[in-house]
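Numbering (the numbering used here), first residue to last: 38 to 423. All residues carry an ideal CB built from backbone N, CA and C; glycine is no exception.
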Ligand SMILES: Cc1ncc(COP(=O)(O)O)c(C=O)c1O
């Protein structure tokens, strides 16, 4: 590599994800339980609006940095805040980058969930700050899902702690944080004068228990909620997300967003107005489809010796405890590689999401129909053979 074009320390701090390394081994026929995106088409109202407008002349100007007034209003009404408390972003990914780069200085500590979405720790490192993983509480017989462990967060709050990142419902565990725990954590952070960022991209996928947004659970609102249309309206590639938070904080972060991306894509902002006006109806259909897949997965795995897999209460992930198989394979990575080799089925090893994910595999029920049945059949065969 040319020494003149040597990547910066910031770029080198980004660790390549295990997901990408494993996906390199996939073939054209691989059944893919690895990808965190649905195989569904954009929701009906969005598609109809696109078709209805296909004869119109197309102008594609930049929009105001925080978004068009119409799209900000639509998101604000959806979230239950005022438009000046909303900034539209290029997906939650950009919202995370703006929040972390915009709120953290070198030397700060940022608490990130473990297991958790790998972008959190990587963006914290890119900001020159230090990620401090806080373990989620592993499932027990009494509480079959993963949970928020407030004491574990508290133990890790040093004087350098600047921000705590929450993800609810959670990727990869599929858990939904209970209201009491969430309120206790946000109240602790308020006492300790530490901000929070809550990634709620899976808020529309709640199968068991009650979801409450950190915006509602917080008494002082000293945090930012991130969400968007990628998962709910299957618009992953359209790049439409939002930040909801105190208006003065968003105003202060707008120049960073401006110099990164200028604005969220205009067609996606236009689609957001339509998508959110039809949200409840669209989500009823989506939930029926994805909920059916979830039932199929839970049934198929329940009777192959996995006992009762921790039930995915939210999102579209099942985080399966495969420790009984590890005496044979050594690590979950080795197990995932063998599954790919022997059955051409892709799942993600839990250690790709942090040390607390060891001994687990993440299975995304983002595929349906024949693919899902065939994939589950192969997975069952593999587990029974070993
Ligand atoms: C927890 C979590 N946050 C954010 C994202 C990215 O969302 P977006 O497409 O809005 O950037 C993902 C995508 O898989 C995710 O799992």
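Query: Are three or more beta carbon pairs between the stretch 222-239 and the stretch 131-145 nearer than 8 angstroms?; Result: yes
Query: For residue 212 versus residue 351, is the C-beta distance shorter than 8 angstroms?; Result: yes
Query: Under 8 angstroms between the Cβ atoms of residue 183 and residue 356?; Result: yes
Query: Please name the residue in 196, 109, 58 whose C-alpha comes closest to that of residue 145.; Result: 196
Query: For the alpha helix (DSSP H) containing residue 191, list its first residue and its last residue.; Result: 187-192
Query: Could you check what DSSP says for residue 183 in three-state terms: helix, strand or coil?; Result: coil
Query: Could you check whether the Cβ of residue 129 sits closer than 7 angstroms to any heavy atom belonging to ligand 1?; Result: yes
Query: Indicate the three-state DSSP secondary structure (helix, strand or coil) for residue 410 in the structure shown.; Result: helix
Query: Starting from residue 125, trace the beta strand (DSSP E) in both directions and tell me its first and last residue.; Result: 123-126
Query: State the DSSP-derived secondary structure class of residue 231, mapped to helix, strand or coil.; Result: coil
Query: How far does the alpha helix (DSSP H) with residue 284 in it extend, from its first residue to its last?; Result: 284-298
Query: Does the beta carbon of residue 248 fall short of 7 angstroms from some heavy atom of ligand 1?; Result: no
Query: Could you pull out every residue in the same chain whose Cβ sits closer than 7 angstroms to the Cβ of residue 253, ignoring the five residues on either side in sequence?; Result: none
Query: Is any non-hydrogen atom of ligand 1 found closer than 7 angstroms to the C-beta of residue 238, if you look at the structure I gave you?; Result: yes
Query: Would you kindly work out how many angstroms separate the C-alpha atoms of residue 328 and residue 339, rounded to a whole number?; Result: 16 angstroms
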